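Engineer:
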Amino acid sequence: MADLKDKVVLVTGASSGIGKEICLDLVKAGCKIIAAARRVDRLNSLCSNINSFGSTGTQATALELDVASDAASIRKAVKEAWEVFGLSSV
1 MADLKDKVVL VTGASSGIGK EICLDLVKAG CKIIAAARRV DRLNSLCSNI
51 NSFGSTGTQA TALELDVASD AASIRKAVKE AWEVFGLSSV
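The letter at position 21 of the sequence shown is residue 21 when you use full-length UniProt numbering, and the numbering goes up by one with no holes.
1. At a cut of 8 Å, does the region 43-55 reach the region 67-81 through at least three beta carbon pairs?
2. Could you round the C-beta distance between ALA37 and THR61 to whole angstroms and report it? I think they count as a contact, below 8 Å.
3. Look up VAL90 in the DSSP assignment and say whether it is helix, strand or coil.
4. DSSP three-state label for ASP3, please.
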């Protein structure tokens, strides 16, 4: 597998099931995670869990996102999430 250390990855459907497990696996591989889904309470719990793993700084951030939303809303939400990790473009 390619070196994923410090890559920023957006995972949709991250509040449960496969999406949640993908987030956990990617953070173990060294990625920074933008966890996206509609259920913010579950996302916040997941991100708190990931951020308590012991690494310095934010390793995961929650993004309330409904992929059925209009493109402008999705673009705005993703841009705000990227900025958590110091990225300026999507």
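Heads up, the beta-carbon is just placed ideally off N, CA and C, and yes, glycines get one too.
In this text the structure is predicted, and so the values were computed from the model without any measurement.
Structural biologist: With the given structure in hand:
1. no
2. With a Cβ gap of about 12 Å, ALA37 and THR61 do not count as contacting.
3. Bear in mind that the predicted position of VAL90 carries a pLDDT of just 46, short of 50, making it unreliable; the figure below should be weighed with that in mind. In the structure shown, VAL90 sits in coil (DSSP, three-state: anything other than H, G, I, E or B).
4. coil
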